[in-house]
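Student:
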Amino acid sequence: MELNTKMKVIIFIGLLASVAIAKDKATTAASTTEKYSSSTIAEENSTVANSICEDNSTYCDNSTEVPFSNFTTISSKNETVKKEIASAGQSVHGDFCTCDLQENFCDINCCCDKDCSLENKEVFQYCLSEPRFYDTRYCDYMKYIYINNTPVKWHINQNGLFCIIKSNHPPSYIIQRKHPIRTFVETRTEKVNKFSWRKELINENDIFNSSKKILYGSSMWLVNRRGIHKFGLLNSFITNRCLIKEAVFYLKNLDTKCSQNEIFEDNPYINLKYYFQNVYLITNPMLVNLTKWKQKVFENCPRNVCISIVPKICENYLTNCEDIKNDTKILTVRCNVSLITKMNTCYNVVKKLRYNIFHNGTKGAVHVELLAVLNNITHEFGGESSEFDQEFSVRFFWTNSTGDVKDLSGNPGYLINKPIFTGKLLTIKNGSDTLLKIKRNLTDAKESFLTIPDNIDGNCVLNETHFTRIEFGYNLITKCKYRSISFSTRKGVNGTEICRALQRSVLEMWNFNNTMIGFFGNADENNLDDWIKALYKKDLNSLLNSTLGYFSSKMGYLSCLNLVNDLEIDIFHSRIDINDLLDQEKILAVTFSFGGFTNRTLIFNKNTSSVNYETSLKTTVTFYDLTTQKRKKAVDPPSLEIKLPYDFFYPFVRINNDCSNIRLNVLIFILTLVIVVHFK
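Residues -22 to -1, 1 to 658 in mature numbering (1 follows the signal peptide of the UniProt record, and there is no 0) are what the sequence shown spells out, letter by letter.
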């Protein structure tokens, strides 16, 4: 009975305490509702920026602490929004207006500009935004907006369920670079690992130095009656005119091209003798003794130090070269003017030059030969100035070179700006066996590299000397004019045959003989695994079959359908690792897509059974990098097949495999184990 009385007293006291706590909570909630106007649950996930300070800086500003109580408050009142509109000429953003860039002047569309009146703002199309931060996680914050081009201070009280009413975290500050750098030494530290312009130093190669060892990239020097001069080739600058000389450096091959517009006998640059007569090449600057020779290098330089240049006259492609004598008339340019035709013809004009320099490494050059191609030029006398293109090049060879040199585009991966290997797939029958082999003609770039027509004076040209090699990694677009004459001597020729002949001539200009592409820059012709077939959106035979033609107006005109004049070459490549070599470029595919199909009506010459065809050929080359992120994958573990010996269950199994005997033997074995363990 006493126990029941005590329990009742305890329960009564608990009820009184519960009522008191509930009343206190109600009072607290009511007071909080009056102070805050949104129904939220306060969650602290951030800090309040009270000041700005630098990391590890002695100039850090003192932070202004804002006292926070260590509790959060829940409000259930509906959202209220208050706004205050600033008067004209005032800014609600404080002292800064980021779009106000002119003092005492109204900046257009700058709504916070104090110089702008309400009348000025009527012409504004919009208000330029400002980079301001608003912490929308808090239930109560201020936002600055524009209404009708007028700045407005917008007081927002959120009524969301999840916003912060009050933060109970200590004060914080933002660490950022604010204060200036006071010492010069500190500025040098800040420049480390950052971009800076490379300093232009004095090039030592511009000064002849007889004490410096000749190495790769050293300047090369010529000697003539005027003294020592840098060896250089004529080149163009800004325009295609021959205006400058590009320096030749030791062991660096060089090619230049430019135009001469002064074609007359007194122009030394079109005379062959200017390039070798009384001109010597210094083999090695260290062998030149300027003190002993008293600056008269031309007269005193030994011929094993200053070697002569041996000229040779070659055919158009620098082939079949022959030695010439100094007294021959071919060395001098001769010009004749015809008063009747008013044409000026100049003979023996230098068209192409190549210096072949044979060297012995650090000992310098040993022998120099000059290969030259001469042309006859005819132009109108007294008329507009004519241009004549010239080509110059320098090649270096080891003295012990066998001449059987094969240039690679990488080893193994392709290098940027190197040509792409191509080859022709041949089928060789040897009795009953059929062999596949890759053929490349290393003496002809068209048959060993991926090439497209060259643009010569706006015309498409593709031959042994004029071509455009596609260089790895460089996108390219070219356009040139192509002219062709198609004819047939066979009687009864139809229009389709002539149109297909025109189409075939265009395809030959794009050089589709080589259909195999090398995976790598060192692709081997003897290994078919190093090559991949080029892919066509429409194969060549289908393209020719779709080309049709027919005559009209009693064979006066020929209409050709589906003539192509646009080629798109896409090259897909990827960087892969080969053994311990990283990022080796490999070509994954090369595709050819034809476009620009047109229908043309051409005039047909009945007497010669021919047509003249002229069109513009456009070629685009695009490289696509398909390199993906490298991932290392573990090799799958070997599969294990666990097999028990055939007699593993021998004590329990009879030879006749009777199931009842198995169960009986197992039972006897288990009972025996139990007895042994029990009495042990």
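We treat Cβ as the ideally placed atom computed from N, Cα and C, and that holds for glycine.
(1) Would you give the residue range spanned by the alpha helix (DSSP H) that Asn98 belongs to?
(2) Measuring alpha carbon to alpha carbon, tell me which residue in Val311, Pro431, Val266 and Val315 is nearest Trp488.
(3) When you compare only the Cα positions, how much space is there between Ser174 and Asn395?
(4) Alpha helix (DSSP H) containing Glu442: first to last residue?
(5) Can you name, in chain order, every residue of its own chain whose Cβ lies under 7 Å from the Cβ of Leu386, other than the five neighbours on each side?
(6) Can you tell me the Cβ-Cβ gap for Ile287 and Phe254, rounded? I've got them flagged as a contact below 8 Å.
(7) Would you say Lys564 and Gly391 are within 8 Å of each other, going by their C-beta atoms?
(8) Asp33 by DSSP, collapsed to three states: which one?
(9) In whole angstroms, give me the CA-to-CA distance for Ser524 and Asp517.
(10) What is the DSSP secondary structure of Tyr122, counted as helix, strand or coil?
(11) Can you tell me the Cα-Cα spacing of Ile495 and Leu221, whole angstroms?
(12) Less than 8 Å between the CB atoms is what I'm expecting for Ile455 and Thr598, so what's the real figure, rounded?
(13) In angstroms with no decimal places, state the Cα-to-Cα distance between Val652 and Lys610.
(14) Just how far apart, CA to CA, sit Lys521 and Lys407?
(15) For the beta strand (DSSP E) that Val351 lies in, which residues bound it at each end?
(16) Find out if the Cβ-Cβ distance for the pair residue 661, Arg373 is shorter than 8 Å.
(17) Near Tyr602, which residues of its chain fall below 8 Å by C-beta distance, leaving aside the five closest residues on each side in sequence?
(18) Does the region 525 to 545 come close enough to the region 572 to 592 that 3 or more CB-CB pairs lie under 8 Å?
(19) Taking the C-alpha atoms as reference points, what is the distance between Phe647 and Pro623?
(20) Lys457 bridges to which residues according to DSSP?
(21) Whose C-alpha, out of Asn472, His337 and Arg553, is nearest the C-alpha of Leu193?
(22) Which one or two residues does DSSP pair with Tyr258 in a beta bridge?
(23) Which same chain residues, not among the five before or five after Val26, have their C-beta less than 8 Å away from its C-beta?
(24) Among Leu212, Asp85 and Leu485, whose alpha-carbon lies nearest the alpha-carbon of Leu545?
(25) So, using beta-carbon positions, are Asn433 and Thr600 closer together than 8 Å?
(26) State the Cα-Cα distance for the pair Ile476 and Asn505, rounded to the nearest angstrom.
(27) Hey, which unbroken runs of the beta strand (DSSP E) at 3 residues or more fall wholly within the region 374 to 413?
(28) For Asn126 and Cys89, I'd like the C-alpha separation in whole angstroms.
(29) Give me the Cβ distance between Val351 and Leu296, rounded to the nearest whole Å; I'm assuming they're in contact under 8 Å.
(30) Is it true that the CB of Glu369 sits closer than 8 Å to the CB of Lys235?
(31) So, helix, strand or coil for Gly496, using DSSP?
(32) Near Asp78, which residues of its chain fall below 8 Å by C-beta distance, leaving aside the five closest residues on each side in sequence?
(33) Report the three-state DSSP secondary structure of Lys208 (helix, strand or coil).
(34) Can you tell me where the alpha helix (DSSP H) holding Ile477 begins and where it ends?
(35) Reducing DSSP to helix, strand and coil, say where Pro129 ends up.
(36) Of all the options Ile463, Leu106 and Tyr247, which has the alpha carbon lying nearest to the alpha carbon of Val311?
Tutor: A quick look at the data gives this:
(1) Leu96 to Lys99 is the extent of the alpha helix (DSSP H) around Asn98.
(2) Looking only at Val311, Pro431, Val266 and Val315, the smallest Cα-Cα distance to Trp488 is reached by Pro431.
(3) Ser174 and Asn395: Cα-Cα distance of roughly 27 Å.
(4) Run containing Glu442: none; DSSP gives neither H nor E here.
(5) Excluding sequence neighbours, Leu386 sits near Gly499 and Asn500.
(6) A Cβ-Cβ separation of about 4 Å places Ile287 in contact with Phe254 under the 8 Å criterion.
(7) Contact: yes.
(8) For Asp33, the predicted structure reports a pLDDT of 44, less than 50, and the residue's modelled location is therefore unreliable. The matter cannot be settled from this model.
(9) Within the model, the alpha-carbon separation for Ser524 versus Asp517 is close to 11 Å.
(10) Strand, per DSSP.
(11) Each residue's CA atom was taken as its position, placing Ile495 and Leu221 some 40 Å apart.
(12) 5 Å between Cβ atoms; contact.
(13) A direct Cα-to-Cα measurement between Val652 and Lys610 gives close to 55 Å.
(14) Sequence inspection shows Leu at residue 521; the Lys mentioned does not correspond to that position. Leu521 and Lys407 have their C-alpha atoms spaced approximately 29 Å apart.
(15) Element bounds for Val351: Ala343 to Glu358.
(16) The structure shown has nothing for residue 661, since the chain only spans -22 to 658.
(17) Non-local C-beta neighbours of Tyr602 in its own chain, meaning closer than 8 Å and more than five positions away in sequence, comprise Asp548, Ile549, Phe550 and His551, ordered along the chain.
(18) Result yes; three or more Cβ-Cβ pairs closer than 8 Å.
(19) Phe647 and Pro623: Cα-Cα distance of roughly 20 Å.
(20) As a beta-bridge residue in DSSP terms, Lys457 pairs with Lys596.
(21) Among Asn472, His337 and Arg553, the Cα nearest to that of Leu193 is on His337.
(22) Partner(s): Val201 and Ser286.
(23) Because the pLDDT of Val26 is 38, which lies under 50, any placement of that residue in the model is unreliable, and the number read from its coordinates should be weighed accordingly. Residues of the same chain with a CB within less than 8 Å of the CB of Val26, apart from the 5 flanking positions on each side, are Val44, Ser145, His147, Pro149 and Ser150 in chain order.
(24) In this structure, Leu485 is the residue among Leu212, Asp85 and Leu485 with its C-alpha nearest to the C-alpha of Leu545.
(25) Here Asn433 is not near Thr600, since their CB atoms are 8 Å or more apart.
(26) The straight-line gap from Cα to Cα measures roughly 40 Å.
(27) As summarised for the region 374 to 413, the continuous beta strand (DSSP E) elements at least 3 residues long and confined to that stretch are 400 to 408, given in chain order.
(28) Taking the straight line joining both Cα atoms gives about 10 Å.
(29) By a beta-carbon distance limit of 8 Å, Val351 contacts Leu296. Their separation comes to about 7 Å.
(30) It is a contact, given that the beta carbons lie within the stated cut-off.
(31) In this structure, Gly496 counts as strand in the three-state DSSP scheme.
(32) Asp85, Cys88, Cys90, Asp91, Lys92 and Asp93, listed in sequence order.
(33) Lys208 falls in the strand class under three-state DSSP.
(34) What sits at residue 477 in the sequence shown is Cys, not Ile. Cys477 -> alpha helix (DSSP H) spans Gly473 to Met487.
(35) DSSP places Pro129 within a strand segment (E or B) once states are collapsed to three.
(36) Checked all of Ile463, Leu106 and Tyr247; the closest Cα to Val311 is Tyr247.
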